[in-house]
Every structure is written in structure tokens, then in C-alpha cells.
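In the working numbering, the protein residues as written are 23 to 351. Ideal placement from N, C-alpha and C gives every residue a C-beta, glycine not left out.
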Ligand code: GLV
């Protein structure tokens with residue numbers, strides 16, 4: 023029997039590639055950068071499965087070019103790069119990699135929060151530029167994390183994992199979500215705030231953990247930033263377009279808020295002329311919140327398992343469109 027054909031859009035952990043290679047004919051895009059769009063379209067006409075990353079746009083045009091496609095396995099928890107309803111209409115499974123990255127992403131969120139509050143990146147630059155002349159009573163003053171109020175926007179798995187870390191810092195934790203979580207609220211001593219503006223006005227730190235949808239695009243804009251405290255710090259490890267970056271630039275430049283730490287930007291990679299790059303009170307990292315050796319290996323294995331199930335016509339263990347299975351009967 024001929025093996026199914028698979029295209030993997032970047033090098034991932036070898037053990038995951040070996041697992042896929044045991045049952046499929048695999049082509050891997052070996053470059054550091056993603057396959058350009060025209061190249062990606064050329065790679066898919068005879069594939070049965072695609073292992074994609076969040077940098078690959080998987081839309082109707084791509085699906086038209088890949089008539090045999092059974093599964094798109096995205097190595098990410100987010101899947102806003104994929105037109106899922108289009109995939110569902112065509113009976114193509116879509117898989118993602120939740121849970122394995124929750125704690126690692128929460129760790130990194132806290133790393134950003136601490137770094138922005140205590141100006142760690144600025145302090146490092148200060149030292150390396152030879153500006154450390156003395157112990158200065160007013161040099162590089164930041165804000166305390168312990169006893170402060172944290173506002174979590176989006177209380178899914180990652181939001182909850184961030185809340186647990188905040189409790190260790192004796193923070194008061196508020197959360198905003200469409201869905202209330204009475205169990206976690208009681209267990210962790212959290213406060214549900216159903217009004218976003220109220221949460222923003224009360225929090226010393228605001229951290230975003232929501233998926234990017236039409237509804238959450240620019241959820242944090244000028245009005246929301248204006249509601250925040252002048253000492254507040256915004257952390258975003260979700261998706262860049264959740265924040266209106268032009269409004270954020272104005273808020274940071276004018277001192278309307280104290281600082282921001284972003285692992286994601288509206289355009290990725292961030293363009294060199296992005297105004298935020300000129301500010302000292304913003305930290306920008308290149309979308310690495312899940313980037314630990316262990317977690318990226320687990321994500322690759324999970325993406326491989328999803329891919330293999332889909333190639334067999336079975337529902338992937340982590341499937342974002344399970345309705346495809348019922349359609350297949
Ligand atoms: C990373 O942003 C992911 O969605 O896994």
C-alpha cells in the first residue's frame with residue numbers, strides 16, 4: 023500500500039518526525055523561515071496531511087490547492103491562522119496542541135510581568151552601556167509585584183495557571199471572562215469582574231489570555247488603556263491584534279500607563295519601523311512563551327499524534343472541529 027504524503031512546514035523535534043515517518047512519506051521545509059506562500063501552495067497538491075505552524079495561513083485557497091487533504095495539524099494551541107469553518111465544510115480535521123504548553127506559557131507571562139515591573143531589560147542595557155555609576159536612591163525605580171492587584175483577561179487554562187503563580191506573590195487576582203468559574207474562584211480566592219473597564223481600572227497588572235477572534239480584535243484600545251492606572255503594566259502573551267498597537271504606543275509614550283511587555287505583536291515579526299521599538303518602557307519578545315525544550319517537544323509529539331489520526335480518517339486526539347467526525351459517519 024502506498025504511504026500517505028505529508029508536508030511539515032518547518033523542522034520540529036526529530037522524534038515527532040520519526041513517528042510520522044513510520045507511517046507516511048514526509049517532506050519537511052528545512053529553512054529557518056516559513057515557506058513563502060507560493061511555495062507552500064506548490065507543496066500541497068498531492069498531500070494527505072499538513073503539519074502547520076501559526077505562521078502558515080491555511081485558508082480556502084490552500085485547501086483548493088490540496089484536494090486530498092484530510093488533516094491540518096497545527097503545532098500551537100491557537101489556530102487563528104486556519105480557516106476552520108472552511109476546513110469543516112470540506113471534511114478536513116484540524117488539530118491543535120493545548121495543555122502541554124499551559125505551565126510554560128504561564129511561566130513566561132510571569133517572567134514578562136516581573137521584568138516589566140522591575141525594569142530588568144532597561145537595567146541590563148543601563149549596565150552594559152556603562153551607566154552604572156553608583157547605588158542611586160532614585161535609579162530605575164519600578165513597581166512591586168507582591169500585594170499588587172492582577173487583572174486576568176480571559177480565564178482559560180493559561181489564565182488559571184497565571185493566577186496560581188500570582189497567589190504565590192500574594193497578589194489580589196481579578197478575572198474577566200464571558201464564563202464565570204466559581205470553583206476556581208473559591209479554590210484560589212479570585213474575584214470575578216464582569217466588566218472589562220472596571221477590571222482595567224482596578225488592576226496594577228493586566229495580562230491577556232484570550233483567543234483572537236473578530237470580537238477580541240483590538241479589545242484593548244485607546245478607551246481601555248485610558249481606564250488603566252498610570253502605574254499599570256500590560257502583559258500580552260496571547261495574540262498581537264488583541265491590542266491596538268497605535269493606541270498602546272500613545273499610552274506608553276505619554277506615560278498614560280507605566281509599561282508593557284509583549285510576546286506577540288500585530289504584525290509578526292515586528293517591523294523594524296514599529297514605533298513601540300523606540301520606547302524604553304516596552305519589552306518585546308519574539309513570540310516565545312511556549313519555547314522550552316520540553317514543551318516544544320511535547321507540542322511536536324501531540325501535533326504528530328493528531329496528524330497520524332487524521333491520516334487514518336480518525337478524529338485527532340486534540341481536535342478543534344470534531345463535527346467533521348460525525349459528518350464522516
Ligand atoms: C502560541 O502562540 C500558540 O498558540 O501555541
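- Between residue 229 and residue 192, the gap from beta carbon to beta carbon reaches 9 Å or more.
- For residue 328, the three-state secondary structure derived from DSSP is helix.
- Taking each of 199, 273 and 128 in turn and checking the Cα distance to residue 285, the smallest one comes out for 128.
- In the displayed model, residue 340 falls within coil according to three-state DSSP, outside both helix and strand.
- At a cut-off of 8 Å, the beta-carbon of residue 309 counts as near the ligand GLV: some heavy atom of the ligand is closer than that.
- Measuring C-alpha to C-alpha distances from residue 141 to each of 163, 131 and 288 identifies 163 as the nearest.
- When the beta-carbon positions are compared, residue 134 and residue 307 come within less than 9 Å of each other.
- Uninterrupted alpha helix (DSSP H) stretches at least 4 residues long and entirely within the segment 38-69 occur at 59-65, given in chain order.
- Residue ranges of uninterrupted alpha helix (DSSP H) with 4 or more members, entirely inside the segment 95-177 and ordered along the chain, are 106-111, 124-139 and 142-150.
- Only residues of its own chain outside the window of five on either side were considered, and among them 210 have a CB closer than 7 Å to the CB of residue 186, listed in chain order.
- Cβ neighbours of residue 249 within its own chain (closer than 8 Å, five residues either side excluded): 219, 222 and 223.
- In this structure, residue 28 and residue 329 form a Cβ contact; the two beta carbons are roughly 7 Å apart against a cut-off of 8 Å.
- A distance criterion of 8 Å places the beta-carbon of residue 95 beyond contact range of the ligand GLV, judged by its closest non-hydrogen atom.
- If the five residues before and after residue 281 are omitted, its C-beta is found closer than 6 Å to the C-beta atoms of 138, 255 and 303, all from its own chain and listed in chain order.
- Sixteen is the threshold: since fewer than 16 other Cβ atoms of the shown chains lie within 10 Å of the Cβ of residue 23, the residue is exposed.
- Counting every other CB atom within 10 Å of its CB across the protein chains shown gives residue 131 a total of 16 or more, marking it as buried.
- In its chain, beyond the 5 residues on either side, 28, 30, 39 and 42 have a beta carbon closer than 7 Å to the beta carbon of residue 48.
- With respect to residue 91, residue 309 sits apart: the two C-beta atoms are not nearer than 9 Å.
- Taken through DSSP and simplified to helix, strand or coil, residue 242 comes out as strand.
- The beta carbon of residue 143 is closer than 7 Å to those of 137 and 305 in its chain, skipping five residues each way along the sequence.
- Taking C-beta atoms as the reference points, residue 337 and residue 119 fail to come closer than 9 Å.
- Across the set 124, 114 and 172, the C-alpha of 124 shows the shortest separation from the C-alpha of residue 183.
- Contact annotation, residue 317 with residue 83: C-beta distance approximately 32 Å; criterion of less than 8 Å not satisfied.
- In the DSSP assignment, the residues bridged to residue 282 are 256 and 304.
- Contact check between the segment 95-103 and the segment 62-74: three or more CB pairs, one atom from each, fall below 8 Å, which counts as touching.
- Inclusion of residue 331 and residue 34 in the CB contact set at 9 Å is not warranted, their separation being larger than that value.
- Annotation for residue 59: 79 place their beta carbon closer than 8 Å to its own, counting only its chain and skipping 5 residues before and after.
- Closer than 8 Å to some heavy atom of the ligand GLV: that describes the Cβ of residue 123.
- With contacts defined by Cβ atoms closer than 9 Å, residue 231 and residue 177 form a contacting pair.
- In the structure shown, the three-state DSSP call for residue 91 is coil.
- Residue burial annotation: residue 181 is buried, with at least 16 other C-beta atoms found within 10 angstroms of its C-beta.
- Around the Cβ of residue 153, a 10 Å sphere holds fewer than 16 other Cβ atoms; the residue is exposed.
- Apart from the 5 residues on each side of it in sequence, residue 89 sits with its Cβ closer than 8 Å to the Cβ of 67 in its chain, given in chain order.
- Here residue 117 is buried, its C-beta having at least 16 other C-beta atoms within 10 Å.
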